[in-house]
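So the sequence lines, in the order shown, correspond to chains A and B.
With our numbering applied, the first sequence corresponds to residues 987 to 1486, in that order.
With our numbering applied, the second sequence corresponds to residues 821 to 981, in that order.
Glycine is no exception: its CB is placed at the ideal position from the N, C-alpha and C atoms.
Quick caveat, the model's predicted, so the values are computed rather than measured.
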Amino acid sequence: MFKKILVANRGEIAQRLFAACQGLDVATVAIYSEADADAPWVRAADEAYPLGGVTAAESYLNQGKIFEIVRQSGAEAIHPGYGFLSENSAFAANCAARNVTFIGPSPEAMRQMGSKANAREIAQAAGVPIIPGVDGAGKTDAELAEAAAELGYPVLIKASAGGGGKGMRVVESGAEFKDALNAARNEARNSFGDDHVIVEKYFTKIHHVEVQILGDEHGRVLHLFERECSIQRRHQKIIEESPSPTIDDETRQKMCASAVALAQAVGYSSAGTVEFMYTGGGHFYLLEMNTRLQVEHPITEAVTGLDIAQWQIRIAAGEALPFAQEDLTQRGHAIECRVYAEDAAMNFLPSIGELVLVQWPEGPRVRVDTGVQTGSAVSTYYDPMLAKIITWGEDRRAAMAAMVSALRHTAVLGVTTNIPYLLDILQEPHFQQGETTTNYLAEHFAGWTGEIVPDEEIWLALAAFEAVHGRGGGQPVATQTVGHTAVLTPWQLVKDWRNV
Amino acid sequence: MKLKIKLNNTEHELHVTRTGEQIKVVRDGRETVLTVREVGENSVTVEYGGQLLRLAGAKKGDKRQMWVNGRYVNYERVQKRAGANTAVAGSLSATIPAVVSAILVSVGDEVSAGDKLILLESMKMVIPIQAPEDGVVTAVKCAVGDSVQPGVPLVLVEGVN
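Next comes the structure, spelled out in structure tokens:
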């Protein structure tokens, strides 16, 4: 086992990784930007070194500085967390060149899965389902129309060189195909100078379901079951759960087997996630593989009882996984809610400021992963996620009830958070019935304002707050009265003075 | 005290009187008495009829963000308009020589006890002149940049009691 690990990350994930190290009796090294100098997670490590700078490029992406601190601190391994350098295969290779262990997969596996086109090829060879489609290169219009009919409508025509939705056409029926094809080709030619198109099966009801993988360096690859992460805003997950309320056992087995096959195809070690699009009726297709620890890993930890972060470290230290697939079970149900400093009623605009009050829920079935506390500042420099709240229950209903209670016992003041939004989702009937597609928020929460109709409780609370805290701390201002003239005595207001 | 609140763009009025641990709230002619059980830096727990009401709030000027038993409410405290019954007239002055660095109010402004009216600068310090009580500014007798001597009235506030 390593003696000392440097965590090349910040916030809640740094804090969580320090905890994983502490559980293995490994010393920890924090690195921090100027903006994070006062952050509580920095003080959770055994050693802490400043990176300087505030932007990601100046700090958490600054490989030169990070390797300097590795040398200075004597750390033997680097855990990259998620984001920042975690999926940078060049960084992983640089670590190897400096004899520092990168806690994650091999640079080669990262490279292979890092390119979507490459991953698609490997998947196809490994028998992992990919989105059905046909390449239009060298095919006549009639041949493409035939292929589209074979795929089954609706289909999506998109520019091979595409991006940004240009040259994309959704075609609902064969009658529209020829016109749509011409339009897509024209648009592709005008936008990219190339009328090469791809015709793909188009899906309307999509679930994002992903499989957690754990592989060691001795050839064993296991899956830790699936997570459903369909509740997304701006293509970012905000609520995740395990098991998925959507897929059945047979699909689960097939999907998990596919994920293992893909990981095995690239000799994957460490933790990774294979993301699928589930389109109903037992059909699923590969989206991509994330070659890192995922934000939502705690729900898998809750249902499997495994500490994924610790296993990443143990695997990197050369340990073999001591259990087999049949030893693993998915017990009960876990849900994660991501608490963001953002205004869900204002297009999820990040909310910046000082956290005047932070109070997290407690209880035997609640886990809170966070890197902030009362007095912390939410800055514009980094992701405004404040915490992940994870609840576990014997079944989905119990996990949901525990989450509603946990969110109600979470008080964050000073910035606007998405807590009321999360609470409303948790209590919405379609969500409660497990009808969670990637379109769920657009379908059920467009135009959400979060306004509450004040009731008796609100009025009383408001009156109580104003009566107790309404005036600047409740301290009366000291005055002297001279005749009818109240003369202010500045010396008695010393607390409001400031140096200039 | 009369409490005016702006919530969801509508103004509401309550009467709130605190006597020791008791807070009397009157709204729409209905009276409720709350008992203060716990007071934190930003929080309060009150009890009424056996119910515990936990709340916490953050203030930014007159704007409030409040957490009430798991719900969040944003509102604004509307400072009351001065009534006709002015009891005490007061003028405020500096007690040490200083230079006026900012005037934060103008004639006709309603102010609350503790509101900063004028900022004075002296000895590398900023010293605020604050309203001793709720009232209306009736005169401003200085300008930014003026050197002022102790005891010379700078601003007049007619109080409401």
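C-beta contact flag for residue i and residue j at 9 Å
| i | j | result |
| --- | --- | --- |
| B/Val977 | B/Val956 | yes |
| B/Val853 | B/Val864 | no |
| B/Val931 | B/Leu939 | no |
| A/Pro1370 | A/Tyr1407 | no |
| A/Ala1006 | A/Phe1070 | no |
| A/Pro1026 | A/Gly1357 | yes |
| A/Arg1278 | A/Gly1258 | yes |
| A/Ala1247 | A/Ala1112 | yes |
| B/Val919 | B/Ile949 | no |
| A/Ser1380 | A/Gly1339 | The residue you asked about is not Ser; residue 1380 of chain A is Glu in the sequence shown. Going by C-beta atoms, A/Glu1380 is not nearer than 9 Å to A/Gly1339. |
| A/Ala1109 | A/Ala1243 | no |
| B/Glu831 | B/Val898 | yes |
| B/Ile947 | B/Glu896 | no |
| A/Met1275 | A/Ala1105 | yes |
| A/Ala1302 | A/Ala1063 | yes |
| B/Leu875 | B/Trp887 | yes |
| A/Cys1066 | A/Phe1077 | Looking at the sequence itself, residue 1066 of chain A is Pro, so the reference to Cys does not match. Yes, the pair counts as a contact, with Cβ atoms nearer than the cut-off. |
| B/Val845 | A/Ala1450 | yes |
Cβ separation of residue i and residue j, assumed to be a contact under 8 Å, to the nearest whole Å
| i | j | result |
| --- | --- | --- |
| A/Ser1019 | A/Leu1037 | 5 Å |
| B/Ile843 | A/Ala1447 | In fact, because the Cβ distance is near 11 Å, the residues do not count as touching under 8 Å. |
| A/Arg1382 | A/Pro1284 | With a Cβ gap of about 17 Å, A/Arg1382 and A/Pro1284 do not count as contacting. |
| A/Tyr1368 | A/Gly997 | 7 Å |
| A/Leu1335 | A/Thr1360 | About 23 Å separates the two Cβ atoms, so there is no contact after all. |
| A/His1182 | A/Ala1123 | 6 Å |
| A/Thr1265 | A/Phe1189 | 5 Å |
| A/Lys1223 | A/Thr1423 | With a Cβ gap of about 13 Å, A/Lys1223 and A/Thr1423 do not count as contacting. |
| A/Ala1324 | A/Lys1374 | According to the sequence shown, residue 1324 of chain A is Arg rather than Ala. Confirmed, Cβ separation roughly 6 Å. |
| A/Ile1494 | A/Tyr1426 | Nothing about residue 1494 of chain A can be reported from this structure: the residues present for chain A run from 987 to 1486 only. |
| A/Ala1392 | A/Pro1347 | 4 Å |
| B/Ile923 | B/Val960 | 6 Å |
Residue-chain proximity (residue i, chain A), Cβ-Cβ < 9 Å
| i | result |
| --- | --- |
| B/Ile923 | no |
| B/Lys826 | no |
| B/Ala876 | yes |
| B/Asn981 | Below a pLDDT of 50, predicted positions are generally treated as unreliable, and B/Asn981, at 48, falls in that range; the measurement from the model is reported next regardless. False, the Cβ-Cβ gap to chain A never drops below 9 Å. |
| B/Gln885 | yes |
| B/Leu823 | yes |
| B/Ala933 | yes |
| B/Ser967 | no |
| B/Arg872 | Checking the sequence, you will find Leu at residue 872 of chain B rather than Arg. It does not: the Cβ of B/Leu872 has no partner Cβ on chain A nearer than 9 Å. |
| B/Val893 | yes |
Residues bridged to residue i [DSSP beta-bridge criterion]
| i | result |
| --- | --- |
| A/Cys1323 | A/Ile1225, A/Ile1375 |
| A/His1269 | A/Gly1266 |
| B/Trp887 | B/Ala876, B/Tyr892 |
| B/Ser967 | B/Val919 |
| B/Glu930 | B/Val956 |
| A/Pro1336 | A/Glu1328 |
| A/Ile1184 | A/Asp1121, A/Lys1144 |
| A/Gln1198 | A/Thr1259 |
Proximity test, Cβ basis, 9 Å: residue i and chain B
| i | result |
| --- | --- |
| A/Trp1445 | yes |
| A/Gly1433 | no |
| A/Gln1345 | yes |
| A/Ile1017 | no |
| A/Glu1322 | no |
| A/Phe1309 | no |
| A/Leu1292 | no |
| A/Ile1375 | no |
Residues near residue i in its chain [Cβ-Cβ closer than 8 Å; skip 5 each side]
| i | result |
| --- | --- |
| A/Glu1236 | Gly1268 |
| A/Ala1082 | Phe1088, Pro1093 |
| A/Leu1292 | Leu1200, Leu1210, Thr1286, Leu1314 |
| A/Ser1337 | Ala1327, Glu1328, Asp1329, Val1364, Pro1370, Val1401, Thr1402, Thr1403 |
| A/Gly1160 | Ala1131, Ala1134, Ala1135, Tyr1139 |
Same chain, Cβ closer than 6 Å to residue i, neighbours up to 5 away in sequence not counted
| i | result |
| --- | --- |
| A/Val1463 | Here A/Val1463 scores only 37 on pLDDT, less than 50, and its place in the model should not be relied on; the value that follows carries that caveat. Here the set comprises nothing. |
| B/Leu823 | Leu834, Val836 |
| A/Gly1420 | Pro1231 |
| A/Ile1321 | Glu1227, Thr1377, Ala1385, Met1389 |
| A/Ala1134 | Val1141, Phe1163, Val1185 |
| A/Ile1411 | Phe1417 |
| A/Leu1208 | Leu1200, Gln1311 |
| A/Ala1170 | Ile1143, Gly1153, Arg1155, Val1183 |
| A/Leu1479 | Note on A/Leu1479: pLDDT 35, under 50, position unreliable in the model; no value is reported. |
Own chain residues within Cβ distance below 7 Å of residue i, not counting five before or after
| i | result |
| --- | --- |
| A/Glu1196 | Glu1212, Arg1213, Cys1215, Thr1259, Val1260, Glu1261, Phe1262 |
| A/Val1028 | Ala1016, Tyr1018, Asp1022, Ala1034 |
| A/Phe1053 | Arg1084 |
Proximity test, residue i beta-carbon vs the ligand ADP heavy atom, cut-off 8 Å
| i | result |
| --- | --- |
| A/Asp1024 | Annotation note on the ligand ADP: not contained in the displayed structure, which lists no ligands. |
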